[in-house]
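Below is one structure, written out as structure tokens; comments come after it.
Residue numbers (the working numbering): 5 to 112.
Laid out in structure tokens, this is it:
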């Protein structure tokens with residue numbers, strides 16, 4: 005198995021955010037090959053000294069390691085949260101065709 009440069013970035017968006025526009029911006033700007041937004045989910049988390057509960061959407065972003073820094077900067081500028089979730093997971097393996105498509109899709 006060869007290491008992959010493809011990564012998956014996780015973030016969340018609050019209820020009422022236009023996830024489609026958010027996703028389209030990242031794909032249009034070649035920062036992501038694909039952005040998937042889940043349906044509503046309930047998140048419980050610690051924030052500013054208390055426990056908060058909100059409705060959010062999980063957002064899964066497929067890109068390459070070389071685009072992560074630019075993606076993070078753009079995501080931060082678009083995101084309504086002051087501290088948006090930004091977790092990068094390495095795709096250790098996958099379909100060769102799919103991984104090639106991701107790489108090709110994020111070339112500016």
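Note that CB positions come from ideal geometry on N, CA and C, so glycine has one too.
Taking 7 angstroms as the threshold (C-beta atoms), are residue j and residue i in contact?
| i | j | result |
| --- | --- | --- |
| residue 37 | residue 106 | yes |
| residue 73 | residue 90 | no |
How would you label residue i, buried or exposed, when you count the other beta carbons within 10 angstroms and need 16 or more for buried?
| i | result |
| --- | --- |
| residue 93 | exposed |
| residue 5 | The predicted model places residue 5 with a pLDDT of 49, which falls under 50 and marks its position as unreliable; any figure quoted below should be read in that light. By the 10 Å Cβ count, residue 5 comes out exposed. |
| residue 108 | exposed |
| residue 28 | exposed |
Please check the pair residue i and residue j, which I expect to be a contact at CB under 8 angstroms, by giving their CB distance rounded to whole angstroms.
| i | j | result |
| --- | --- | --- |
| residue 48 | residue 60 | Residue 48 to residue 60, Cβ: 10 angstroms. No contact. |
| residue 35 | residue 78 | 6 angstroms |
| residue 30 | residue 65 | 7 angstroms |
| residue 96 | residue 63 | About 21 angstroms separates the two Cβ atoms, so there is no contact after all. |
Spatial neighbours of residue i within its chain, please: C-beta separation below 7 angstroms, excluding the five flanking residues on both sides.
| i | result |
| --- | --- |
| residue 69 | 9 and 11 |
4-residue-minimum alpha helix (DSSP H) runs that sit fully inside the segment 9-78, ordered along the chain: 23-32
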